[in-house]
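Undergrad: Dumping the structure here so I can ask a few things about it.
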Ligand SMILES: Cc1ncc(C[n+]2csc(CCOP(=O)(O)OP(=O)(O)O)c2C)c(N)n1
Ligand SMILES: Cc1ncc(C[n+]2csc(CCOP(=O)(O)OP(=O)(O)O)c2C)c(N)n1
Ligand SMILES: [Mg+2]
Ligand SMILES: [Mg+2]
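Structure (structure tokens):
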């Protein structure tokens, strides 16, 4: 048996629906159609009345999820693309994010954001918004990189008493496969050493973890041992695991598919510089997408985002510093 | 004569309206009422038909500003509070921000965001969103700290061919005064040495510049010379001026009133760590607001955001590192 | 609690009408007195931030609060002091939020009109206009999912808030799901300084009902009997499965947007018109004319209201304000997921989160 | 260009009707052939990303494009291939965007249906549904400010997009400002897989007109004559100062949401109904029956369309694709304000920005 990242997301939702009567799914085309990416395939049939098509009203989708959560439900909201969550932004960041702090009442909603670039998707079907949501207090932001994490973290997202922004990477949907679903998982908030190494640390998350691993494999052939840290959640951010890795390697490159200003790479480097300054043997480096909208044409797109090649170059430069 | 930060904003708009027939102002209650904060006082009377009350429709306000800009106008949009711009978020970041890159046609709109905390304003009338808008490509983000900059930068915001997010701090509106309006200004994108010093650099912007200067004055009495860098714009960010200052002092504290994850302090520290690593004599430090919504009660509010006292403590700690 | 004004026959109609108006009048009066107290505290510099009054809108607001039952959902807006009280908010709770008491439902974290107890169906408003309606929808949907009695959800907004996308998405959502939502629009002619002619171009906002496929009704917000009748009927319709109800009230805001605002922009002709009548004075006049209340009774009610408000505010003023060192500074309900930021004192980083103080159950209580 | 179908008397009515329908038919046919070409390129793996067709909506779309004049504003949506052509888009331009040619108006930066030339009044859509309407408003407002001829602004959306807050805010804004906006809603029964019963609960979306204070009209989108008449009238109304016009067309999407979608969810009964008729076939039948076109003419028009489409696509396929090393990677119109990020090659940081390739002026051209 083999299971894809996308199927793992579907299976996690099936299990959440099966195990917990408080769970329901709400989003455009998630019902009998099974969602734009088929992440809810057959769920409406298996769980009648609990997987519901929403009108094209992202603000109301999130607002009503908050209401349902107040009543003790555990809604999962599927945004058709992460990019469209900007229309429901206010309810997410100002209402859900602030709700528990203001009222003492938890707001357990999970918002699934099909994220990241795929070829030909262009400026509005490609965005990586984890750094956007992490800015706001009160939100947990998950960025699973593996089939196993897609499954276990989505189950945890639903179980957690707080609003969770679940950034699932569209490029991994079909490309990434595992043998089986996991039976255990690291706790939420813990980063993972995706590959051990002693010469340089690459901190990455989501699809970039796989680019980083490819780089590690390539450089291993040249005798450079790259350690890859998969952040798993970007908020909370597991500073300890990152710093422990930098303590071993002395060199840090942080990679993200998001835009270059602020975001995860700035936060990681700021934390390491602040708390692990003495561990660094060279200036920490970062690699992000370019500071333009995500381009439509593959020629531009592959230059816009970090790739194994550009990461590899950055590592080589870093090793020379 | 003495002029406040708020009056400077009004005067800049008056001058823009006077000098450039393409300019108009659109926002809730900006017309004969003169705006919630009186930033457009008398402008509707002085410039009939060019200062227009908008319905409570932030999305349409920004969308129509984009349309007017396409037709060659130079709209100024007043959000009643920065916090409410989240409802017009999509038009700002996805439409205005991406417009020139996608189409080759400039989108010169200015969006004024009355920003930042004042006592008793609470979670939704206090936010600092410069780090939010700086995430997105295609936007210029200004954060004037002085009466002079409020005036000259707003004039430049209107003149620039790109969408500008103009974060004006409500706390400075009435508190900050200058003798006269400036006749010249630093170019947009250049940071300013607000106070020279040789022992430690505080990078700040907007209202925090004044807290930093208060700290510098206090510490000067103890023989510590604090250099204060006022960023003026957070995007583009003037890395060179910051690094030149760190080169002089060897120590960096970056202060912001925004939430702690990501944002300006992370970006500044990441840039200095990456490009000016060797200049640092101690780990760079940051100070932000706490990671909760902005509290209503002054007891909580004054602990939530950095103050001269907490900045001073942070500088003392940094000097010991 | 008064629920129906119409539908009862003969003498009992009159007595039930009288009871309803008397009860409403007393909620209105209590809210007016409380508002005036907040205004005087504001002028004395004793309140942090703004103060927002319901002057001129008490009849409508009381009718909404009175038409609801325990188990219903209520999402009031800034001018709904009367409705909040009628729905079961205590004077102490209102005062605690305005004065930032640590013992209030918002514990000084949020303030003034941003107060409620969500678990009791009493929602604390978000400032962003229009945002509460879909939240009410979600609560009603959840009850449908759970198979428990759904109750009615009432959301109040001003005419200005009808221009928001949030209003539209939520009313449409309620219509598609056929939820028992009662959406009450107080068209008080102004949104802050902006006249409604700059807000919409239809004849009346009730003309929107057909476009959503919901039932519409209008009423004169200065006439408490009409408020009780029309709002009561809309709530009954919703309860009976009639789907969403859009109720549009005509009235005039008889105060500034907030107490900082002298409302000099309000057209004097409007103040002189029927719309400009003070619903409280109109109700009082009616009680007098119909012989339903004597001068002595009216005076006693007023005195009692003043006494209760003074007592509540006095006691709250002696309560502790929030202590930043006791504050958890944790926005999450799951403290173990709190992110650790370097500059915070380490105690806060380890962060044990204190439980929220217990809040009393809300219920629609009888008239004061 | 055909502008009015009604309003002319006697024999000229018929001849003008005939001319209109013939012209519309030829735009529809050309758009259909172009769509089919894109679909076959998609199946051959020659297109990056999705392909979205206008099958079944060509009559409505052509009517919109034909009713506009140079100087008007047009904000089409994904199914508006016919209207784009009628408004003046060239086949080459359409093909360039789908194929990502560096010479196209979007230069490979944006693609497929996201194309236009804003300065010519032809707006490139944002993906976020409903977002274009207020942009059209802004263009019309700007012209009022400038005191230049305002023209008419047409924005097209699907019934699904009427559920967005953006739709509501923008239509209301247009009504308040009484702008010459024609908002055309293609109610094709589905938004992706979602039936319109999950999208709104009113009888017809035209019932929304009164609630905004705008004029409403409906039409049968399978009947090109009705499309021309009703859309033409709405455009004339707007042009004559009649304020915003809401036109709601009844039709059925005769294709998948995109070419990846087999649309298996569409109710077969709908396909069999009047709504499910193919407007192109209906128009062709009418031309035949009324003797307005011979078989030979029809065949010639088809052949000509195929030839033009093939020629355009063939030439575009030989054009250069964007070169990442030539790309400025600068989102700003003001290169000196470009932020410098450490990891970028220094050439890009210094960043001189190439001018955009000149684009031809758009104008409503005569029927092909
Ligand atoms: C989305 C949003 N934009 C702007 C504001 C600022 N604001 C607060 S109250 C108000 C006027 C509200 O008018 P209306 O809805 O008519 O209610 P009223 O005050 O008349 O009762 C405005 C513009 C806001 N709270 N939310
Ligand atoms: C705000 C927003 N949410 C979701 C989407 C994803 N989406 C793209 S097209 C579509 C369906 C549109 O349906 P409709 O408006 O009826 O137009 P049609 O495709 O039927 O022509 C959806 C949901 C989007 N583009 N924008
Ligand atoms: Mg109002
Ligand atoms: Mg549709």
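Protein chains in written order, with the working numbering: chain A, 2 to 322; chain B, 2 to 322; chain C, 1121 to 1488; chain D, 1121 to 1488.
C-beta: ideal position from N, C-alpha, C; glycine also.
Assuming residue 1276(C) and residue 1195(C) make a contact with CB atoms under 8 Å, what is their CB distance in whole Å?
TA: For the purposes of this step, residue 1276(C) is taken as residue 156 along the third chain, with counting starting at 1. For the purposes of this step, residue 1195(C) is taken as residue 75 along the third chain, with counting starting at 1. That belief holds up - the Cβ atoms of residue 1276(C) and residue 1195(C) are roughly 7 Å apart, short of 8 Å.
Undergrad: Run the proximity test for residue 29(A): is its beta-carbon closer than 7 Å to any non-hydrogen atom belonging to ligand 2?
TA: If you number the first chain from 1, residue 29(A) lands on position 28. Flag set: Cβ of residue 29(A) near ligand 2.
Undergrad: Between 1324(C), 1325(C), 1394(C) and 1337(C), which has its C-alpha nearest residue 1343(C)'s C-alpha?
TA: Residue numbering aside, residue 1343(C) sits at position 223 when the third chain is read from its first letter. Among 1324(C), 1325(C), 1394(C) and 1337(C), the Cα nearest to that of residue 1343(C) belongs to 1394(C).
Undergrad: Who are the near neighbours of residue 140(A) in its chain, counting only those whose CB is closer than 8 Å to its CB and skipping five residues on each side?
TA: The residue labelled residue 140(A) in the question sits at position 139 within the first chain. Counting only Cβ-Cβ distances below 8 Å, and skipping sequence neighbours, we find 93, 94, 97, 98, 134, 163, 164, 165, 166 and 236.
Undergrad: If you draw a straight line from the C-alpha of residue 1337(C) to the C-alpha of residue 186(B), how long is it?
TA: The residue you call residue 1337(C) lines up with position 217 of the third chain. The residue you call residue 186(B) lines up with position 185 of the second chain. Distance between the alpha carbons of residue 1337(C) and residue 186(B) is about 58 Å.
Undergrad: If you measure beta-carbon to beta-carbon, which residues of the region 181-205 of chain B are closer than 9 Å to chain D?
TA: Listed by position, the residues of the region 181-205 of chain B near chain D (Cβ gap below 9 Å) are 188, 189 and 190.
Undergrad: Using a strict less-than 7 Å threshold between each residue's beta carbon and the heavy atoms of ligand 1, what residues do you get?
TA: Result: 29(B), 30(B), 57(B), 59(B), 81(B), 82(B), 85(B), 88(B), 1197(C), 1198(C), 1199(C), 1247(C), 1248(C), 1249(C), 1250(C), 1277(C), 1278(C), 1279(C), 1280(C), 1281(C), 1284(C), 1306(C), 1308(C), 1310(C), 1311(C), 1312(C), 1373(C) and 1377(C).
Undergrad: Roughly how far, in whole angstroms, is the beta-carbon of residue 1144(C) from the beta-carbon of residue 1174(C), given that I think they are within contact range, below 8 Å?
TA: By one-based count along the third chain, residue 1144(C) stands at place 24. By one-based count along the third chain, residue 1174(C) stands at place 54. Contact flag wrong, Cβ pair sits at about 13 Å.
Undergrad: So which residues of chain C does residue 1361(D) contact, with C-beta pairs closer than 8 Å?
TA: For the purposes of this step, residue 1361(D) is taken as residue 241 along the fourth chain, with counting starting at 1. None at all; the shortest Cβ gap to chain C is about 14 Å.
Undergrad: For the alpha helix (DSSP H) that residue 152(B) lies in, which residues bound it at each end?
TA: Indexing the second chain from 1 puts residue 152(B) at position 151. 148-160 is the extent of the alpha helix (DSSP H) around residue 152(B).
Undergrad: Write down the C-beta distance between residue 113(A) and residue 80(A) rounded to the nearest angstrom, noting that I regard them as a contact closer than 8 Å.
TA: Locating residue 113(A) in the first chain gives position 112, where the first residue counts as 1. Locating residue 80(A) in the first chain gives position 79, where the first residue counts as 1. Their Cβ separation, rounded to whole angstroms, is 7 Å, which keeps residue 113(A) and residue 80(A) in contact under 8 Å.
Undergrad: Measure how close the beta-carbons of residue 1289(D) and residue 246(B) come, nearest whole angstrom, since I'm counting them as under 8 Å.
TA: One-based indexing of the fourth chain puts residue 1289(D) at position 169. One-based indexing of the second chain puts residue 246(B) at position 245. That pair is no contact at about 45 Å.
Undergrad: Can you give me the start and stop residues for the beta strand (DSSP E) that residue 205(A) sits inside?
TA: Here residue 205(A) refers to the residue found at position 204 of the first chain. Counting along the chain, the beta strand (DSSP E) containing residue 205(A) begins and ends at 201-205.
Undergrad: Please classify residue 1234(D) as buried or exposed, where buried requires at least 16 other C-beta atoms within 10 Å of its C-beta.
TA: By 1-based counting over the fourth chain, the position of residue 1234(D) is 114. Classification of residue 1234(D): buried, given that the 10 Å Cβ count is 16 or more.
Undergrad: In or out: residue 1467(D) buried (at least 16 other Cβ within 10 Å) or exposed?
TA: Your numbering for residue 1467(D) matches position 347 in the fourth chain. Here residue 1467(D) scores only 33 on pLDDT, less than 50, and its place in the model should not be relied on; the value that follows carries that caveat. Result: exposed.
Undergrad: Less than 8 Å between the C-beta atoms of residue 1314(D) and residue 46(A), yes or no?
TA: Numbered from its first residue, the fourth chain carries residue 1314(D) at position 194. Numbered from its first residue, the first chain carries residue 46(A) at position 45. Contact flag unset, no.
Undergrad: In angstroms with no decimal places, state the Cα-to-Cα distance between residue 1166(D) and residue 1220(D).
TA: On the fourth chain, position 46 is the one that residue 1166(D) refers to. On the fourth chain, position 100 is the one that residue 1220(D) refers to. Cα to Cα, residue 1166(D) sits roughly 11 Å from residue 1220(D).
Undergrad: Taking any Cβ of chain D, which residues in the region 56-72 of chain B have a Cβ under 7 Å from it, in chain order?
TA: Listed in sequence order: 56, 58, 60, 61, 64, 65, 66, 67, 68, 69, 71 and 72.
Undergrad: With DSSP collapsed to three states, give me the class of residue 176(B).
TA: On the second chain, residue 176(B) is found 175 positions in, with the first residue counted as 1. Residue 176(B): helix per DSSP, three-state reduction.
Undergrad: Go ahead and label residue 1446(D) buried or exposed: buried means 16 or more other beta carbons lie within 10 angstroms of its beta carbon, across all protein chains shown.
TA: Translated into the one-based positions of the fourth chain, residue 1446(D) becomes position 326. So residue 1446(D) ends up on the exposed side.
Undergrad: One question on the structure: do residue 2(B) and residue 180(B) come within less than 8 Å of each other, judged by their Cβ atoms?
TA: For the purposes of this step, residue 2(B) is taken as residue 1 along the second chain, with counting starting at 1. For the purposes of this step, residue 180(B) is taken as residue 179 along the second chain, with counting starting at 1. Their beta carbons are under 8 Å apart, which means residue 2(B) touches residue 180(B) by this criterion.
Undergrad: Answer with yes or no whether the minimum CB distance from residue 29(A) to chain D is below 8 Å.
TA: If you number the first chain from 1, residue 29(A) lands on position 28. So yes, residue 29(A) belongs to the interface.
Undergrad: Using a Cβ-Cβ cutoff of less than 8 Å, which residues in the same chain neighbour residue 255(A) once the five nearest sequence positions on both sides are dropped?
TA: Taking the first chain and counting its residues from 1, one reaches residue 255(A) at position 254. Same-chain partners within the cutoff: 203, 204, 205, 265, 266, 269, 270, 285, 286, 287 and 288.
Undergrad: So, with DSSP's three-state summary, where would you put residue 1395(C)?
TA: Start at 1 with the first residue of the third chain, and residue 1395(C) comes out as number 275. Residue 1395(C) falls in the helix class under three-state DSSP.
Undergrad: Against chain A, with Cβ distances strictly below 8 Å, would residue 125(B) count as a contact?
TA: For the purposes of this step, residue 125(B) is taken as residue 124 along the second chain, with counting starting at 1. Cβ-Cβ to chain A under 8 Å: yes for residue 125(B).
Undergrad: With the cut-off set at 8 Å, would you say residue 152(B) and residue 40(B) are in Cβ contact?
TA: Mapped onto the second chain, residue 152(B) falls at position 151. Mapped onto the second chain, residue 40(B) falls at position 39. No. Outside cutoff.
Undergrad: Interface residues of chain D around residue 161(B) at Cβ under 9 Å?
TA: By one-based count along the second chain, residue 161(B) stands at place 160. Near residue 161(B) (Cβ distances below 9 Å), the residues of chain D are 1452, 1453, 1454 and 1457.
Undergrad: By the three-class DSSP mapping on this structure, what secondary structure does residue 67(B) have?
TA: If you number the second chain from 1, residue 67(B) lands on position 66. It is helical.
Undergrad: Quick check: is the beta carbon of residue 1251(D) nearer than 8 Å to any beta carbon in chain B?
TA: Stepping through the fourth chain from its first residue, residue 1251(D) is reached at position 131. So yes, residue 1251(D) belongs to the interface.
Undergrad: Is the region 123-131 of chain A touching the region 213-227 of chain A, taking contact as three or more C-beta pairs under 8 Å?
TA: Counting Cβ pairs under 8 Å, fewer than three are found: no touch.
Undergrad: Which residues mark the beginning and the end of the beta strand (DSSP E) in which residue 168(A) is found?
TA: Here residue 168(A) is taken as the residue at index 167 of the first chain, counted from 1. That run of the beta strand (DSSP E) goes 165-170.
Undergrad: Would you kindly work out how many angstroms separate the C-alpha atoms of residue 1257(D) and residue 1265(D), rounded to a whole number?
TA: Position 137 of the fourth chain, counted from the first residue, corresponds to residue 1257(D). Position 145 of the fourth chain, counted from the first residue, corresponds to residue 1265(D). Going by the C-alpha atoms only, they are around 12 Å apart.
Undergrad: Measure the beta-carbon distance from residue 1325(D) to residue 1176(D) and round it to whole angstroms, keeping in mind my assumption that it falls under 8 Å.
TA: Working through the fourth chain from its first residue, we reach residue 1325(D) at position 205. Working through the fourth chain from its first residue, we reach residue 1176(D) at position 56. The pair is not a contact, with the Cβ atoms about 18 Å apart (cut-off 8 Å).
Undergrad: Could you name the residues of the same chain whose beta carbon sits closer than 6 Å to that of residue 1204(C), not counting the 5 residues immediately before and after it, in chain order?
TA: Along the third chain, one-based indexing puts residue 1204(C) at 84. So the list reads 1196, once near-sequence residues are dropped.
Undergrad: Comparing the C-beta of residue 178(A) with each C-beta of chain B, is any distance below 8 Å?
TA: Here residue 178(A) corresponds to residue number 177 of the first chain, with the count starting at 1. False, the Cβ-Cβ gap to chain B never drops below 8 Å.
Undergrad: In chain A, which residues lie with their C-beta within 8 Å of the C-beta of residue 1319(D)?
TA: Against the fourth chain, residue 1319(D) aligns to sequence position 199. The contacting residues are 56 and 57.
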